[in-house]
Amino acid sequence: MFKKALPLIVVLSAAALVLTACPTAKGPSEILIGINAEMTGDIPKVGEGTKYAAEIAVEEINSAGGLEVGGKKYPVKIIIEDNESTAEGATAAATKLITQDNVLIMIGAQASKQAIPAGQVANDNECPMISPWSTNPRTTLDRPWVFRGCFLDPFQGPVDAKFAMDELGAKKAAVLYDVASDYPKGLAEEFKKAFEAMGGQVVAFETFTTKDKDFSAQLTKIKAAEPDVLFTPQYYDEVPLIVKQARELGITCPILGSDSWGSAELMKLCGDACKGSFFSTHYAAAGAKGKTKEFIDKYNAKYGYVPDDVGALTYDTMYIAFKAIQDCGKLTGDLKTDRKCVCDALAKIKNFEGITGRMTFTEEGDPIKCAVIVKINDAGEFEFYKSACPEGME
Amino acid sequence: MAQLPRRIREFLGRIPLLAYLLGFLAATGIESILGKTLGLLIGLGGVPAFFGITDSLSRLVLDKGLGGVLLSLPSVFIYFVLALVYDVLIYILPVFIVAGLLSRPVRWFVSTLPEWLTGFIHMVTLFLSLWTWGGLVEYRLLVVMYIGVNIIMTTSLNLINGYMGEFSCGHAGFMAVGAYVSSVLTVWLFTQDDVFGAPVLRAGWSVILFPLILVVGGIAAAIMGLLVAFPSFKTRGDYLAIVTISVNFIIKSAIENIEKIGGPRGFMGMKGVLRTMESVLNVPWLLIWTFIGVLVTLVVIHNFVSSTKGKGVVAIREDEIAAELMSVNTRHTKILAFTISSFFAGIAGGLFAHVLGYINPGTFTIFKSTESLVMVYLGGMGSISGSVLSAGIFTLAMEALRPLEVWKKVLIWLLLILLMMFRREGIMGGKELTDFVSLERLGLRRPVKEVKGYAPAAD
Chain A
16 MFKKALPLIV VLSAAALVLT ACPTAKGPSE ILIGINAEMT GDIPKVGEGT KYAAEIAVEE
76 INSAGGLEVG GKKYPVKIII EDNESTAEGA TAAATKLITQ DNVLIMIGAQ ASKQAIPAGQ
136 VANDNECPMI SPWSTNPRTT LDRPWVFRGC FLDPFQGPVD AKFAMDELGA KKAAVLYDVA
196 SDYPKGLAEE FKKAFEAMGG QVVAFETFTT KDKDFSAQLT KIKAAEPDVL FTPQYYDEVP
256 LIVKQARELG ITCPILGSDS WGSAELMKLC GDACKGSFFS THYAAAGAKG KTKEFIDKYN
316 AKYGYVPDDV GALTYDTMYI AFKAIQDCGK LTGDLKTDRK CVCDALAKIK NFEGITGRMT
376 FTEEGDPIKC AVIVKINDAG EFEFYKSACP EGME
Chain B
892 MAQLPRRIRE FLGRIPLLAY LLGFLAATGI ESILGKTLGL LIGLGGVPAF FGITDSLSRL
952 VLDKGLGGVL LSLPSVFIYF VLALVYDVLI YILPVFIVAG LLSRPVRWFV STLPEWLTGF
1012 IHMVTLFLSL WTWGGLVEYR LLVVMYIGVN IIMTTSLNLI NGYMGEFSCG HAGFMAVGAY
1072 VSSVLTVWLF TQDDVFGAPV LRAGWSVILF PLILVVGGIA AAIMGLLVAF PSFKTRGDYL
1132 AIVTISVNFI IKSAIENIEK IGGPRGFMGM KGVLRTMESV LNVPWLLIWT FIGVLVTLVV
1192 IHNFVSSTKG KGVVAIREDE IAAELMSVNT RHTKILAFTI SSFFAGIAGG LFAHVLGYIN
1252 PGTFTIFKST ESLVMVYLGG MGSISGSVLS AGIFTLAMEA LRPLEVWKKV LIWLLLILLM
1312 MFRREGIMGG KELTDFVSLE RLGLRRPVKE VKGYAPAAD
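Chains as they are written, first to last, in our numbering: chain A, 16 to 409; chain B, 892 to 1350.
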């Protein structure tokens, strides 16, 4: 056997020598951006919006010949990885994008449940990551490599409380939220804290559990408490059920929601019941101007519906990533150096003019930016009502 | 196989397992030196993660309708062929060449050693090859650890659903208990944390105490299992399924309502524990403990079902009343089996939590339990090697088919339906691998008599 195998081994080792002697490619020929998105699972609409918005941004850049970095134009390529809306899926997708596909920067995951573990992977592997939509503080906390494209729950809660008190004139508020989901829970608590600090009274603080469909018990209690406003920071698939049941039970006070309302699906599911309600979000599609309108029109023409906030935030995030790569000045082709360079550039971004407003990153990697209060008008559109900015802006 | 010349077949059949393992180790070594260059040279753009399956599928265009799929098929095919070339050059040739060359020396070497040492050498070789294979791309390492966790989950569930014939569908609940108990302990003891403050013990302890804490997590899960087993085995049949589903929900809701450990926001900080361990000694601790965890699970469950007590478990499956008459203490046996099963689910949970570095109650839902059930039935009820195989195949398939997005689930469940239609007993069908290839032939056990020339088994 050895005699027979001998020539083969000689050939192989010769081939091996030739191969190792071959020079490897110098410098990157293209810029790889990884997208870690919720394509399947609980919130596929979020994944779809992410994908479409990222594709639009990349098309824009590539139709202009690519992204210019240090006088050279590089084509941009995105690699979309499905995280199945689970924590382990997000970890696997992030690990694949960073260690196998060798992306320069990762966009996503979107929901905090996925973004927190994905951020862990990005930070451990020293690859910059921006989550466009995750509002949980822990996503970026103590993680110099992780950034986000949206405001946080501790900002949004008080914005909603202030709006309820000042604009809706509410003294008594009721809250209905999902105790098993971190996003609504965090926001409900922030709202309660802020509303009470301003001298208001939370007369009902009712909870349910994910996938509950009947809220009549909680809503009956809420009705008995006679609130001036009902705050329910739930997702677009739950809001219609809550609002419809509330109206059927005769709760007539205004209903206030959070940025999770802002999906293109909401009005399809909710119909007339949601009209006249308010929610805080990242941008308002109806009546948008300038770059925002351009993006909305492009998206609507291509995919047949008005993009929701996930889409708009992802689009912004893509451009933040482009800007950071450009600010870097030069791509060496050595991934470690380039990633560090992009990460440093991200941290330095100031007054970035995005379609969801102007933003500057804090030390934690969170943007300082304004929130928008949207009113659902009689045509069922999300209409700009008021913007609420953190102190020191505008 | 029938077309292969008889001599080659005989030759391959005589190669001991250790030689194949050494061949794989050599292949992974070659890959870590030449893989990237070869990948770039033949146009793969780098090292393919799982033999090129994922990378070829990611070239499918899914969102442009049937036309897009058809148009992208050639590029998928071309990539697949190139990846095949890579696989042959990097894996298949080296494995067989090295295995062939080492066949004789290894057989001699193995025959001089006591059996326990042979087994140990096999395990070390397997571990080293997994380490070098995974070390090249960290993504592989993660998947290898997912497979390890799933093997523990599947084998332990197989004890209840396969060997004992009861129907438990809340395995993820016990996993959650183990995950939370062990992560809270490690984070409390070894890292700076918002909730628990400064580390309690010095870093050096982490290396020693980590496996013990995993066991504590397992014990907590076992106690939970015991609590469930006492009332539920007063009944028979479907009731266990209902009870275990409820327990799964109860555990999940309970964790959601404990603010101290994060509630629905989840719990993290386990990566800090790993960094502490690595600061003491920089080896892949988690891979080591997952590997050992899998080995211990397999050995314990194998020994249990082969013991007198364990035969009682199978007797219960066949006929509970007859078993009772034959002096099997059915109640006691059932409770014992269920506790052992929960214990290992807890161990799996502890490992899983440290692999992910972040857990939240939403991870341990009925879906996670269903996944374990699927792996048990895929591998075959009452077969440990079936569970190992199916956990490997299922986890790899879930990863490799990721580019197919929604179609992945369609495909996987379709395969499962087909399996149930045409091979209802699962891959192994209640048999073990050793029923097909003897340990002597693999070189794991010395032949009863020294046979010169070592004749292969008759066809």
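Glycine residues also receive a C-beta, built at the ideal position from the N, C-alpha and C atoms.
Per-residue burial, residue i [other beta carbons within 10 Å of its own, 16 or more giving buried]
| i | result |
| --- | --- |
| S966 (chain B) | exposed |
| F210 (chain A) | buried |
| D168 (chain A) | buried |
| K41 (chain A) | Its pLDDT being 49, under 50, K41 (chain A) is placed unreliably by the model, and the measurement read from it follows with that caveat. It is exposed - the Cβ of K41 (chain A) has fewer than 16 other Cβ atoms within 10 Å. |
| I388 (chain A) | buried |
| L909 (chain B) | buried |
| Q1083 (chain B) | exposed |
| N366 (chain A) | exposed |
| G291 (chain A) | exposed |
| E70 (chain A) | buried |
| G934 (chain B) | exposed |
| N1173 (chain B) | exposed |
| M1312 (chain B) | exposed |
| D381 (chain A) | buried |
Below-8 Å beta-carbon distance, residue i vs any chain B residue
| i | result |
| --- | --- |
| A195 (chain A) | yes |
| A107 (chain A) | yes |
| N51 (chain A) | no |
| K111 (chain A) | yes |
| A102 (chain A) | yes |
| E379 (chain A) | no |
| I58 (chain A) | no |
| T352 (chain A) | no |
| K11 (chain A) | For residue 11 (chain A) there is no data in the structure shown, the boundaries of chain A being 16 and 409. |
| K390 (chain A) | no |
| I131 (chain A) | yes |
| K128 (chain A) | yes |
| M54 (chain A) | yes |
| N151 (chain A) | yes |
| T114 (chain A) | yes |
| K200 (chain A) | yes |
| T39 (chain A) | With a pLDDT of 44 at T39 (chain A), under the threshold of 50, the modelled position of that residue is not reliable, and the figure given next carries that caveat. Yes, contact with chain B. |
| D97 (chain A) | yes |
Residue i at chain A interface by Cβ criterion, 8 Å
| i | result |
| --- | --- |
| V986 (chain B) | no |
| T846 (chain B) | Nothing can be reported for residue 846 (chain B), as the shown portion of chain B is limited to 892 through 1350. |
| R998 (chain B) | no |
| T919 (chain B) | no |
| T1254 (chain B) | yes |
| N1251 (chain B) | yes |
Nearest residue (CA-CA) to residue i, options the options
| i | options | result |
| --- | --- | --- |
| S1097 (chain B) | B:F968, B:L1165, B:E901 | B:L1165 |
| T1261 (chain B) | B:F1087, B:M1044, B:A1244, B:H1223 | B:M1044 |
| A1244 (chain B) | B:I1133, B:P939, B:I1104, B:G1321 | B:I1104 |
| A1239 (chain B) | B:R1093, B:V1196, B:F1158, B:V1072 | B:V1072 |
| L1330 (chain B) | B:R900, B:S923, B:R905, B:I899 | B:R905 |
| V1028 (chain B) | B:R1336, B:F1158, B:T919, B:M1161 | B:T919 |
| L1287 (chain B) | B:M1272, B:I1303, B:S1276 | B:I1303 |
| Y298 (chain A) | A:E75, A:F399, A:T65, A:R354 | A:F399 |
| N1139 (chain B) | B:G1128, B:R1156, B:M1115 | B:M1115 |
CB contact flag (residue i, residue j, <8 Å)
| i | j | result |
| --- | --- | --- |
| P132 (chain A) | T106 (chain A) | yes |
| P907 (chain B) | V1001 (chain B) | yes |
| V1185 (chain B) | G1039 (chain B) | yes |
| F1234 (chain B) | A1113 (chain B) | yes |
| P943 (chain B) | A974 (chain B) | One point to set straight first is that residue 943 (chain B) is Gly, not Pro, in the sequence displayed. Going by C-beta atoms, G943 (chain B) is nearer than 8 Å to A974 (chain B). |
| E83 (chain A) | I50 (chain A) | no |
| I370 (chain A) | T307 (chain A) | yes |
| L1269 (chain B) | G1320 (chain B) | no |
| K60 (chain A) | A102 (chain A) | no |
| A1132 (chain B) | F1058 (chain B) | yes |
_With three or more beta-carbon pairs closer than 8 Å as the criterion, would you say the region 1044-1062 of chain B touches the region 124-138 of chain A?_
Proximity of the region 1044-1062 of chain B to the region 124-138 of chain A falls short of the contact definition, fewer than three beta-carbon pairs being nearer than 8 Å.
*Is the region 284-293 of chain A touching the region 220-232 of chain A, taking contact as three or more C-beta pairs under 8 Å?*
Touching, no, given that fewer than three Cβ pairs across the two stretches are closer than 8 Å.
*Stretch-stretch touch, CB-based, cutoff 8 Å, three pairs: the region 1060-1077 of chain B with the region 1138-1150 of chain B*: Below 8 Å, enough C-beta pairs join the region 1060-1077 of chain B and the region 1138-1150 of chain B to call them touching: three or more.
*Taking one C-beta from the region 186-193 of chain A and one from the region 240-257 of chain A each time, how about it: are there three or more such pairs within less than 8 Å?*
Yes, they touch.
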